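Listed in order, the protein sequences are those of chains A and B.
If you count the first sequence from 1, you need to add 8 to reach the numbering used here.
If you count the second sequence from 1, you need to add 8 to reach the numbering used here.
We put the beta carbon where it would ideally sit given N, CA and C, even for glycine.
Since we're looking at a predicted model, the values are computed, not measured.
Protein chains: 2
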Amino acid sequence: MNEGRQVMETIASKGWTSDMVVVDLERAIHEHRLPPGTKLGEDDLSDAYGISRTIVRAALLALSHRHLVELRRNRGAFVAQPSVREAREVFEARALLEPRTAHSAALRMTDKGLAILQANIRDEHAALDAGENGRALFLSGQFHVEIARIADQSTIEAFISQLISRSSLIIALYWRRRAALCETQAHHALLDAFARKDGDAAEQLMKSHLLDLVTSLDLRNVAEPPTSLRDALKR
Amino acid sequence: MNEGRQVMETIASKGWTSDMVVVDLERAIHEHRLPPGTKLGEDDLSDAYGISRTIVRAALLALSHRHLVELRRNRGAFVAQPSVREAREVFEARALLEPRTAHSAALRMTDKGLAILQANIRDEHAALDAGENGRALFLSGQFHVEIARIADQSTIEAFISQLISRSSLIIALYWRRRAALCETQAHHALLDAFARKDGDAAEQLMKSHLLDLVTSLDLRNVAEPPTSLRDALKR
DNA sequence: CACAACAATATTGTATACAGTTTTGTGCTG
DNA sequence: CAGCACAAAACTGTATACAATATTGTTGTG
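Listed below in structure tokens is the structure:
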């Protein structure tokens, strides 16, 4: 019972470094706990993490370089709101990178890699069953990052990781399909191809999967997200 | 004559913002005026640009996110020294992104785009004739970035731009071929394909061009660049 | 009462002071 | 004089103070 005292350690008492804050915020954004457009005030964050604004600013700068946060001069930091244009571009880039990376991953697949991907799918199911949709979405993205990791291409992995995070923002803004089943089905099919070390199949499946993702978005140029409430209500 | 007073404005008297410093340093690195391994002391830079260390640190942080600068804790910032492994990965990523981007660019090519590429080649020749090898190398890289810009894919352009800069570091470390002619020949051939709006040809030419670039490097695992002089001479 | 000018408040931008770490320099000891 | 311990200097890491800017609130006038 006396051991319990340490448990209530608040978020502010950990030794937060800039990089840790980046990871923490990125995950919160990825899980839709911080929706697009959310203001990220420097004082709010420095209070929350128990650090000075210096570290917060470094973290926000890093996130802006990943296009997850938009910095408006003298106005502050906001969770990014990708435009329809940007959404298309992100999936265009993914279409160039991911299928061939999946191909490489299939050829280099190991038992350990398979286990990681299997565990990922399992965890995602568990999260969905528990109603933790944000966590499920995060894990769903991680599946793609793990593939790049297995392909042993850290440079490409970094690009894909960024694109996955941005995709999460895009999904928050433009998702229309309700059924979440298609997602895990596609991942299962990929897993099978990986298990067979079938590079061509993995490449094709990934290509279809990405195409399927794009078509599940509503990217008609209708609802361009307003930069500010003021601009949105101008006329 | 009295107008001349303003001309001797030193580098330190411009209103340097963090982003401007990033661009300036990136270009210096790209042009090999700052070779890999060069220490970028915060005081040195803040003196040179006439700004506080705050801005310098923001710039160095940005450059480290682009893998052009390596930050070592409590030790400072250094122009990055890509490993052989990283070099391979960078060209692997370029091979995934650039050929199909060239394809898109060819299909969307305009007179204006052609003019930009022509001017680029012309300027590169001029730089080579003037013995400004650094500037020529920079322009040679810009050629690839312009293609992505013409393809109208700013997300992919950002990735390619980063990869080009990193390639410049790789060239500084691993270049072995002396003849610089092959370079401009390849760009000329690409220009022809673009002028014909021949997407397939452009894609193929770009693929060959990148392959040619890689083979002009010495990427045997021999000369792993030492992290520091100290480490290099340890035994 | 609507609206504009102005004041107050809040928030970000930048510089700087200080703390912590690494590196360099010096002198002592064997 | 080589080698080690310790001291000094240089440099980076972090917090904070202050300046600049934007936002919000208030008051006075038409």
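Considering only beta carbons, the part of the stretch 39 to 69 of chain B lying closer than 9 Å to chain A consists of Thr62, Arg65, Ala66, Leu69, in chain order. Assigned with DSSP and collapsed to three states, A:Gly84 falls in strand. By the criterion of a C-beta distance shorter than 8 Å, A:Gly84 is surrounded in its chain by Lys47, Leu48, Gly49, Glu50, once the five residues flanking it on both sides are discounted. Here the stretch 134 to 142 of chain B makes no contact with the stretch 119 to 136 of chain A; the two share fewer than three CB pairs at distances below 8 Å. Among the residues facing chain B, A:Glu78 is not included, as its CB has no counterpart in that chain under 8 Å away. Exclusion of the five residues before and after B:Ala194 leaves Leu213, Ser216, His217, Asp220 as the residues of its chain whose Cβ lies within less than 8 Å of its Cβ. Chain B places no beta carbon closer than 8 Å to that of A:Glu211, leaving this residue out of the contacts. For the set B:His38, B:Ala201, B:Ile19, B:Arg174, the Cα lying nearest the Cα of B:Arg102 is the one of B:Arg174. The beta carbons of B:Val29 and B:Ala88 sit about 17 Å from each other, so the pair does not count as a contact at 8 Å. Given a length threshold of 4 residues, each whole run of the alpha helix (DSSP H) inside the stretch 180 to 213 of chain A is given here in chain order: 189 to 203.
With fewer than 16 neighbouring CB atoms inside 10 Å of its own CB, B:Gly23 falls in the exposed class. Short of 6 Å from the beta carbon of A:Phe99, and not among the five residues preceding or following it, lie these beta carbons of its own chain, in chain order: Val222.
The C-alpha of A:Ala123 is placed about 18 Å away from the C-alpha of A:Gly207. Not a single C-beta of chain B is nearer than 8 Å to the C-beta of A:Ile37. In the displayed model, A:Glu100 falls within a helix according to three-state DSSP. In this structure, DSSP gives B:Lys120 a helical state, which the three-state scheme calls helix. Residue pairing by DSSP leaves B:Val92 without any beta bridge partner.
In the three-state reduction of the DSSP assignment, B:Leu53 falls in the helix class, which pools H, G and I.
Approximately 7 Å separates the beta-carbon atoms of A:Ala210 and A:Ala113; this is inside 8 Å, confirming the contact. Think of a sphere of 7 Å around the beta carbon of B:Phe146: no beta carbon from chain A falls inside it, the nearest being about 22 Å out.
Against chain A, a Cβ distance below 7 Å from B:Ser162 picks out Glu97.
Secondary structure of B:Lys22 (DSSP, three-state): coil.
Going by DSSP, A:Glu154 is part of the alpha helix (DSSP H) stretching over 141 to 158. Nearest C-alpha to A:Pro44 among A:Gly58, A:Phe151, A:Leu177: A:Leu177. DSSP, read as helix, strand or coil, puts B:Glu34 in helix. Membership of B:Ile63 in the alpha helix (DSSP H) is indicated by the continuous run 61 to 73.
At a cut-off of 8 Å between C-beta atoms, B:Leu71 does not count as an interface residue with respect to chain A. In the three-state reduction of the DSSP assignment, A:Leu76 falls in the coil class, being assigned neither a helical nor a strand state.
Contacts with chain A (Cβ-Cβ distance below 7 Å) from the stretch 97 to 114 of chain B involve Glu97, Val98, Glu100, Ala101, Leu104, Leu105, Arg108, listed in chain order. In the DSSP assignment, the residues bridged to B:Leu48 are B:Ala85. Your pair A:Gln161 and A:Asn128 does not check out as a contact, with CB atoms roughly 18 Å apart and the cut at 8 Å.
By a beta-carbon distance limit of 8 Å, B:Ala95 does not contact B:Leu199. Their separation comes to about 27 Å.
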